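One structure is given here, and the rest of the page talks about it.
Number of protein chains: 4
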Amino acid sequence: MTDRIPIPRDPDNDHSTDAMTLRREFLRGRTGVGLTHLQQLSFEPGLTAGNIENLIGVAQVPVGLAGPLRIDGEHARGDFYIPLATTEGTLVASYSRGARVITESGGVKTTVVKTSMQRAPVFMFGDAPQARDFGQWLVTNFNGVRQAAEATTGYGQLVEIEQYNIGNLLYTRFNFTTGDAAGQNMTGKATYAACEWIRRSHPLHPEYMLSGAIDTDKKHSAMNLIRSRGRRVIAEVVIPAEILRRVMRVETSALFRARNIANAGAIQAGAAYNGPHAANGIAALFIATGQDAANVAECHAGITYAQYRDNGDYYWSVTLPSVIVGTRGGGTGLPTQQECLQILGCVGAGKADKLAEIVAAVVLAGDISLGCAVIAGDWVTSHERLGRNRPTS
Amino acid sequence: MTDRIPIPRDPDNDHSTDAMTLRREFLRGRTGVGLTHLQQLSFEPGLTAGNIENLIGVAQVPVGLAGPLRIDGEHARGDFYIPLATTEGTLVASYSRGARVITESGGVKTTVVKTSMQRAPVFMFGDAPQARDFGQWLVTNFNGVRQAAEATTGYGQLVEIEQYNIGNLLYTRFNFTTGDAAGQNMTGKATYAACEWIRRSHPLHPEYMLSGAIDTDKKHSAMNLIRSRGRRVIAEVVIPAEILRRVMRVETSALFRARNIANAGAIQAGAAYNGPHAANGIAALFIATGQDAANVAECHAGITYAQYRDNGDYYWSVTLPSVIVGTRGGGTGLPTQQECLQILGCVGAGKADKLAEIVAAVVLAGDISLGCAVIAGDWVTSHERLGRNRPTS
Amino acid sequence: MTDRIPIPRDPDNDHSTDAMTLRREFLRGRTGVGLTHLQQLSFEPGLTAGNIENLIGVAQVPVGLAGPLRIDGEHARGDFYIPLATTEGTLVASYSRGARVITESGGVKTTVVKTSMQRAPVFMFGDAPQARDFGQWLVTNFNGVRQAAEATTGYGQLVEIEQYNIGNLLYTRFNFTTGDAAGQNMTGKATYAACEWIRRSHPLHPEYMLSGAIDTDKKHSAMNLIRSRGRRVIAEVVIPAEILRRVMRVETSALFRARNIANAGAIQAGAAYNGPHAANGIAALFIATGQDAANVAECHAGITYAQYRDNGDYYWSVTLPSVIVGTRGGGTGLPTQQECLQILGCVGAGKADKLAEIVAAVVLAGDISLGCAVIAGDWVTSHERLGRNRPTS
Amino acid sequence: MTDRIPIPRDPDNDHSTDAMTLRREFLRGRTGVGLTHLQQLSFEPGLTAGNIENLIGVAQVPVGLAGPLRIDGEHARGDFYIPLATTEGTLVASYSRGARVITESGGVKTTVVKTSMQRAPVFMFGDAPQARDFGQWLVTNFNGVRQAAEATTGYGQLVEIEQYNIGNLLYTRFNFTTGDAAGQNMTGKATYAACEWIRRSHPLHPEYMLSGAIDTDKKHSAMNLIRSRGRRVIAEVVIPAEILRRVMRVETSALFRARNIANAGAIQAGAAYNGPHAANGIAALFIATGQDAANVAECHAGITYAQYRDNGDYYWSVTLPSVIVGTRGGGTGLPTQQECLQILGCVGAGKADKLAEIVAAVVLAGDISLGCAVIAGDWVTSHERLGRNRPTS
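The following block contains the structure:
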């Protein structure tokens, strides 16, 4: 076996231009690649401390502006211009088209109906009765657990502990509210403190693991669809038949027929989402605003529900049970991401609900556009026209 | 209702600095935001034509270097340094730690076992017997369908049409190989041509929609877990007990116990993945290399399978049924993304299998690191140390 | 179209021998079939009033006796002989063999960890904020709702109302405890009364449907796996390696390897149960004891979790989240079903928990037997030997 | 530990009245129960050989007659009277009411679109490339595998081997057609022979287990919903608005609205079936006709798809992907079960498709009745009226 050649690090300041240069030269030697573009940051590399290790530069992801999207939410109100970071041609145009339908229809109503972020420790016992009795102890001692958890954080609040007995194990979900942070780290720290308090305080001093896999962090799950992770958010709009006909060349009756076909298909496929493409808007908005793009796994799941009204109008809603966003922490503080948050008016305290509402509104806009395009038959042709540098194969 | 104020566009060349300036000034007027950093591209904006509309700049996402990761695949061979675009502190360090375990263990074996990309038109009939008979016609006339599809593309090949009858509908999945492109657009175009040929050729001239929702594009589904979307890829390694003990401070027996606890938890939760966090590595690698981050929805799903060997060694595998990658098209041609592909040696013809193998290898590295950290109890503490600009709440 | 010829009924007493004769002659005329055996009831047909309409006789399903099965539960304690109604040869023998392993190992421990039966009305509103606010009203007015529900029943108690917002709808699950009855009808009646009270009392007088499909009655669901329906019951046993080797010719290490293979397979398949065959024992016990065999849909789901101990012993548990049983109502009062309940000591007040524990214990016995047979390779051969009147094809 | 007291058996003939008496006395001694009714068989106990061990009698399950149900299938044609074995009051009346709607609408169209029964051996290898290459060998050597399998059976035919690689394992599904038998045993035997041939013939002589858990036998799974198990059957009917209004007091527009609400609920719940209650009719028909009631687990899953037509008519379809029925083997030969099969005209060769069509038609009848009752609001009241001996609590 040949030797393992580690990546060089600058012991003094590894988030520096010098450290980047060190690694650029290392890569040039190992792979012959020059990093002409990667290292053209517009800001001090030190800003990335806490966001990355072994920094070698920045990926430049094109950002387009979609909108205006009129939102009539409880936290987001007004006409929004949406920065979307993507490399999929037609996406921004498509979301803009959906936004136009919404805006002409008077705007999308958005509602946050639930908020929680989880860590999910599992506690181990000799047998099931012990595990069940421990669960009752957890209920009785909730205040002690809560205090231990909340002592580690100024924002997070422990609101509920769900319990799932399996054999001699008790799986739990510790549900927190986390203010304006997405909160995965905050809840990890708080839950760890709570578990240590539990281990000390319970007569059996139970062994535990900080994750019993039911959080379910960075993955879609029925659990998240049912119990939520982050925020459960709804966006809804009533689209007059005339607008849909004029802007999208689609009849609402055809749209409703297609909805029923898509529902049956989604059930057949066991799909995490029965609408067209929540993931596209979410990924693009997350990259632009410094959210964790890995959370697309959870966030893209949801339920589209529609009504065909007697007058031909069309009620269209999307319910996203696991929208994970923050306006503090993570990548939100980086310069380009801050600017995108500014465009949305989501900088500062108390903005996470607003951002969550915007996410749901954007998803609805994108679904209206693609959902209609599939029916109108111009889905392929629009990709042809706008996606110009696609492989011509 | 106030008027809808559209985003300005430059009719001559909308992927230009002038057009960006136009929109910057528009945004300044509407929102007061300046875009100091967003518009500092290191390349000509015209390069983004086909990738974005209404360009306002680029999101700069920090890229760190993980590795070296020794891969003993059929397409990827050697010690790789992995560019990861993320803003989650500790992620690059964690993947590097997993990569060290793998490399010291002799490397990860990677295997592509299936390749296919789908479009899923649904055909509509008067009753179920018609739909079923049409399905038999599709089998008989496969060559005609195939020729109509492949006439639209130089790379895509139609290899199979799956059929799912529901009521008077026939849902299908057209399975293509797509060479080095991820292929969603290529298959859309080819399937559209095939459907038009079908509509002309079949005596009933059946109505269809280009998507019956079972592709299932940009969403996780049981269908994709079972039938694959993109590439089904396996990464596997046998880790000697000594290495795991020394590097990760974990016993393989404890790891195997935790695996069984995680399996039960994943089944309880109905999780799309029973390992720790495939989505993290996938999202970071996708953003860095110009893949479609929305596909994290499909790609993060998979199955972790492990064996505890008699000598205490630990066999660890991840199977990802829906790895969607391309080395042509999409965002792969943009400057920073090209550099990241170069670092991986994934530029040029015939590299998509190699990239898919790297993805699976990276996921395994990350799972080893986090899976052990959860047991060793330093999960929270490492986030504390490295994730410095997290909210201190 | 020919005329529709209705089934004759006896207006005076349709659960009588005369009414049966009427229909026998009707069938003889229409189909030429004689019903020689169907009408040989051992009891007065009037006993079936409330259980069936248009009675034409009884299906005689063979009942075999499995056991003894030693149960060390909280409600079920002792050595049980289990009546199983089935026509699948080898089943009773197989369950007996598993029961022997358990009994020699000192018995199975059984635990009921949760009890609830649901009806799931959905309430309809103009928009999502209304639906969400109504949900808060439900919390505030829980006592009023509860009193309206409980006024209809002497046993049922409303303990919780779960809420799931989708668009402008609020889906709910009304959770009841139902004493010794399975409780589907009781909860239907109580929930209907509660809904009527709600419609009268809430200022919007919301429209509702008594079922929004999330109960999920008579069907498996992720919801039931997570939130339970009926009783969540655990059965667990520690099997010494020596016993498994002697009785089943299987090494516990091989069993644990097979468990991990089965877990991966179950995750791949998206299976409702990751053990061998819960449905067999449940169906056979349900038919014998007058439970609703349609509930096999919900009850067969569950989670097998095992541990391989350092001394080679094997901890085997099954967790069944949705065991729906009653010792009152339904078919429990019919003569043969009563006798089977008597054999189990499950007649009279306060026996539903005991029956639920027996169900879980029986499932574990069956899984041990089949799980070991698959490894030992005598699965096919035992079917050959015992299943003698199977088609010889 | 007290001693284990085994159930007595008659070494000469254990399926005899003497053997039953032996066990009756044993039970009387152990439990004090008399078995007055259980042992009143109307036929020679020897007939149950091959269906049961340790026979102690028969469970008498009430059978009611529903119908007439007009079926316009490819195998089932005419007006059918349906024997349903159940103890749930109102069930037979409800299915009859749905049958009336269907019959007045001109009958239900039924179609079998796929037939297959599986065993699912898993093959074990050193690494994933070996497993994948073995999969290719299986394709090349399909004829040899098929011949080995089919040598064990006069009816079963091996038509396809599905492959699913996970780590170093190859999970397979051997798909057979099995004539008029349900075929689980036939396929077990044939697959075992095939596996032994494979082990001898392949150069690596691979180890295997006869079940890798993806059959998925006696359990619901996404796999079965997608790939089928048994027969995939569709039942469909167009109901004129007038008939629904007159017979069920429901408007088709209200029904379609409810369908959309139920679809969203089913997706939220992750339900195996999005219609009202397939399991009820299936369980009742299975017990009456000697099918395996444990298969309710697989069979109850399915997809309801509806269309609201311009003239107000309502197209209603159910698609059941995993209907497992046989007219030979299992309990079909027992006297009362034979009579029920005779009533349906399903005795003799070539009748399994007919029985499968009847199952789907019955499910549709039941869903029409309950689906309308939920809307019309008489669901609770009909249970009240007919379910007279329910607990009055």
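Protein chains in written order, with the numbering used here: chain A, 1 to 393; chain B, 1001 to 1393; chain C, 2001 to 2393; chain D, 3001 to 3393.
We treat Cβ as the ideally placed atom computed from N, Cα and C, and that holds for glycine.
Values in this document were obtained by computation on a predicted structure and should not be read as measured data.
Between ILE2226/C and ILE226/A, is the Cβ-Cβ spacing less than 7 angstroms?
Counting from 1 along the third sequence, the entry for residue 2226/C is found at position 226. Counting from 1 along the first sequence, the entry for residue 226/A is found at position 226. ILE2226/C is a Cβ neighbour of ILE226/A, given a cutoff of 7 angstroms.
### Task
Return the chain-ordered list of same chain residues with a C-beta closer than 7 angstroms to the C-beta of GLY126/A, the five sequence neighbours on each side being excluded.
Position 126 of the first sequence, counted from the start, is the residue given in the question as residue 126/A. When the five nearest sequence neighbours on each side are left out, the beta carbons in the same chain lying within less than 7 angstroms of the beta carbon of GLY126/A are those of ASN168, in order along the chain.
#### Entry: Bridge-paired residues (DSSP) for ASN1165/B
As a working note, residue 1165/B is residue 165 in the second sequence. DSSP output for ASN1165/B lists LEU1170/B as bridge partner(s).
Practice problem: Examine chain D for any beta-carbon lying closer than 7 angstroms to the beta-carbon of PRO1206/B, and answer yes or no. | Solution: As a position in the second sequence, residue 1206/B is number 206, starting the count at 1. Not one chain D Cβ lies under 7 angstroms of PRO1206/B.
- Measure the C-alpha to C-alpha separation of ASP1072/B and ALA1093/B and round it to an integer number of angstroms. Mapped onto the second sequence, residue 1072/B falls at position 72. Mapped onto the second sequence, residue 1093/B falls at position 93. Those two C-alpha atoms are separated by around 22 angstroms.
Exercise. Kindly indicate which residue of ILE161/A, ARG97/A and GLU88/A has the alpha-carbon position closest to the one of TYR81/A.
Key: Looking up residue 81/A in the first sequence gives position 81. TYR81/A has its Cα closest to that of ARG97/A, out of ILE161/A, ARG97/A and GLU88/A.
What residues of chain D sit near PRO1129/B, judged by a beta carbon separation below 8 angstroms? Position 129 of the second sequence, counted from the start, is the residue given in the question as residue 1129/B. Residues of chain D with a Cβ closer than 8 angstroms to the Cβ of PRO1129/B are, in chain order, GLU3074, LYS3109 and THR3111.
Can you check whether the C-beta of ARG231/A is within less than 7 angstroms of a C-beta belonging to chain C? Residue 231/A sits at position 231 when you count from the first residue of the first sequence. No, because no Cβ of chain C sits closer than 7 angstroms to the Cβ of ARG231/A.
Report task. Work out the CA separation of ALA2297/C and TYR3315/D for me, nearest whole Å. Result -> For the purposes of this step, residue 3315/D is taken as the residue at position 315 of the fourth sequence. For the purposes of this step, residue 2297/C is taken as the residue at position 297 of the third sequence. Distance between the alpha carbons of TYR3315/D and ALA2297/C: 27 angstroms.
Original post:
Within 10 angstroms of its Cβ, does ASP14/A collect 16 or more other Cβ (buried), or is it exposed?
Top reply: Taking the first residue of the first sequence as position 1, residue 14/A is located at position 14. By the Cβ neighbour-count rule, ASP14/A is buried, with 16 or more other Cβ atoms within 10 Å of its own.
Let me see if you follow: with CB-CB separation under 7 angstroms, is GLU3236/D close to chain B or not? Stepping through the fourth sequence from its first residue, residue 3236/D is reached at position 236. Residue contact with chain B for GLU3236/D: present (Cβ-Cβ distance below 7 angstroms to some residue of chain B).
query: The beta strand (DSSP E) with PHE1080/B in it runs from where to where?
result: Counted from its first residue, the second sequence places residue 1080/B at position 80. 1077-1085 is the extent of the beta strand (DSSP E) around PHE1080/B.
Can you confirm whether ASN2274/C, when its beta carbon is compared against all beta carbons of chain B, has any partner nearer than 7 angstroms? Start at 1 with the first residue of the third sequence, and residue 2274/C comes out as number 274. Interface with chain B (7 angstroms Cβ-Cβ cutoff): ASN2274/C is included.
_Starting from GLN2118/C, trace the beta strand (DSSP E) in both directions and tell me its first and last residue._
Stepping through the third sequence from its first residue, residue 2118/C is reached at position 118. Here the beta strand (DSSP E) through GLN2118/C covers 2109-2119.
ask   = Under a CB-based cut-off of 7 angstroms, is ILE2214/C close to chain A?
value = Indexing the third sequence from 1 puts residue 2214/C at position 214. Not closer than 7 angstroms to any Cβ of chain A, the Cβ of ILE2214/C fails to qualify, so no.
Does SER1322/B get closer than 7 angstroms to chain D when you measure Cβ to Cβ? Stepping through the second sequence from its first residue, residue 1322/B is reached at position 322. False, the Cβ-Cβ gap to chain D never drops below 7 angstroms.
> Any idea what DSSP makes of ALA266/A, helix, strand or coil?
Replying inline: As a working mapping, residue 266/A is identified with position 266 in the first sequence. If DSSP states are grouped into helix, strand and coil, ALA266/A belongs with the helices.
Are the C-beta of GLU2053/C and some C-beta of chain D separated by less than 7 angstroms? Here the question's residue 2053/C lines up with position 53 in the third sequence. At least one chain D Cβ lies under 7 angstroms of GLU2053/C.
ask   = Using the beta-carbon of each residue, which ones in chain C are nearer than 7 angstroms to ARG132/A?
value = Residue mapping note: residue 132/A aligns to position 132 of the first sequence, counting from 1. Annotation: Cβ neighbours of ARG132/A in chain C (cutoff 7 angstroms, chain order): THR2111 and VAL2113.
Q) In the structure shown, what three-state DSSP assignment does THR152/A receive? A) Position 152 of the first sequence holds residue 152/A. Three-state DSSP puts THR152/A in coil, outside helix and strand.
Give me the chain D residues within the contact set of ASP2217/C, using Cβ-Cβ distance strictly less than 8 angstroms, ordered along the chain.
Here residue 2217/C corresponds to residue number 217 of the third sequence, with the count starting at 1. Neighbours of ASP2217/C on chain D, chain order: HIS3277.
Can ASN2051/C and THR3087/D be called in contact, C-beta distance under 7 angstroms? One-based indexing of the third sequence puts residue 2051/C at position 51. One-based indexing of the fourth sequence puts residue 3087/D at position 87. With respect to the 7 angstroms criterion, ASN2051/C and THR3087/D are classified as neighbours on the basis of their beta carbons.
**OP:** Measure from the alpha carbon of LEU1027/B to the alpha carbon of each residue in GLY290/A, LEU344/A and ALA19/A, then state which is nearest.
**Re:** The residue given as residue 1027/B occupies position 27 in the second sequence. Nearest C-alpha to LEU1027/B: LEU344/A.
Practice problem: Flag this pair as yes or no: are the beta carbons of ALA1269/B and SER221/A separated by less than 7 angstroms? | Solution: Residue mapping note: residue 1269/B aligns to position 269 of the second sequence, counting from 1. Residue mapping note: residue 221/A aligns to position 221 of the first sequence, counting from 1. In this structure, SER221/A lies closer than 7 angstroms to ALA1269/B by Cβ.
Where does VAL1139/B land, buried or exposed, given buried means 16+ other C-beta within 10 angstroms? For the purposes of this step, residue 1139/B is identified with residue 139 of the second sequence, where counting begins at 1. Its Cβ having fewer than 16 others within 10 Å, VAL1139/B is exposed.
If ILE3005/D sits next to ASP2313/C, beta carbons under 8 angstroms apart, how far is it from one beta carbon to the other, in whole angstroms?
As a working note, residue 3005/D is residue 5 in the fourth sequence. As a working note, residue 2313/C is residue 313 in the third sequence. Separation of the CB atoms of ILE3005/D and ASP2313/C is rounded to 25 angstroms, and the pair is thereby denied contact status at 8 angstroms.
### Query
For GLY2265/C and chain A, any beta-carbon pair shorter than 7 angstroms?
Within the third sequence, residue 2265/C is the residue found at index 265, counting from 1. No, GLY2265/C does not count as interfacial toward chain A.
Assess, as a yes-or-no matter, whether the region 2265-2279 of chain C is touched by the region 3241-3257 of chain D under the definition of 3 or more beta carbon pairs within less than 8 angstroms. Flag = no, the region 3241-3257 of chain D and the region 2265-2279 of chain C do not touch.
Query - Cα-Cα separation between VAL362/A and LEU69/A, rounded to whole angstroms - result: The sequence position of residue 362/A within the first sequence is 362, counting from 1. The sequence position of residue 69/A within the first sequence is 69, counting from 1. Approximately 8 angstroms, taken between the alpha carbons.
Notebook entry, point to check: Smallest Cα separation from GLN2952/D: which of GLY3183/D, ALA3284/D, ARG3257/D and ASN3054/D?
Noted result: Residue 2952/D lies beyond the range of chain D shown here (3001 to 3393); nothing can be said about it.
Do the CB positions of ARG3173/D and ALA3258/D come within less than 7 angstroms of each other?
In the fourth sequence, the residue the question calls residue 3173/D occupies position 173. In the fourth sequence, the residue the question calls residue 3258/D occupies position 258. Not a contact, by the Cβ cut-off of 7 angstroms.
For this session: Could you work out which residues of chain G lie near ASN2175/C, taking near to mean beta carbons separated by less than 7 angstroms?
Result: Chain labels in this structure do not include chain G; the protein chains are A, B, C and D.
Item to check | Interfacial residues, the region 161-174 of chain A to chain C, with Cβ spacing under 8 angstroms | outcome: Listed in sequence order: TYR164, ASN165, ILE166, GLY167, ASN168 and LEU169.
*asked:* Using a Cβ-Cβ cutoff of less than 6 angstroms, which residues in the same chain neighbour VAL108/A once the five nearest sequence positions on both sides are dropped?
replied: Against the first sequence, residue 108/A aligns to sequence position 108. Correct list, in chain order: ILE71, ILE102, ALA235, VAL237, ALA361 and LEU364.
In terms of alpha-carbon separation, which member of ALA301/A, ILE287/A, ILE261/A and ASN260/A lies closest to ALA272/A?
The residue you call residue 272/A lines up with position 272 of the first sequence. Of the listed residues, the one whose Cα sits closest to ALA272/A is ALA301/A.
Discussion item. When you compare the CB of ALA258/A with every CB in chain D, is at least one pair closer than 7 angstroms?
Written reply: Reading the first sequence from its first residue, position 258 is the one you call residue 258/A. So no, ALA258/A is outside the interface.
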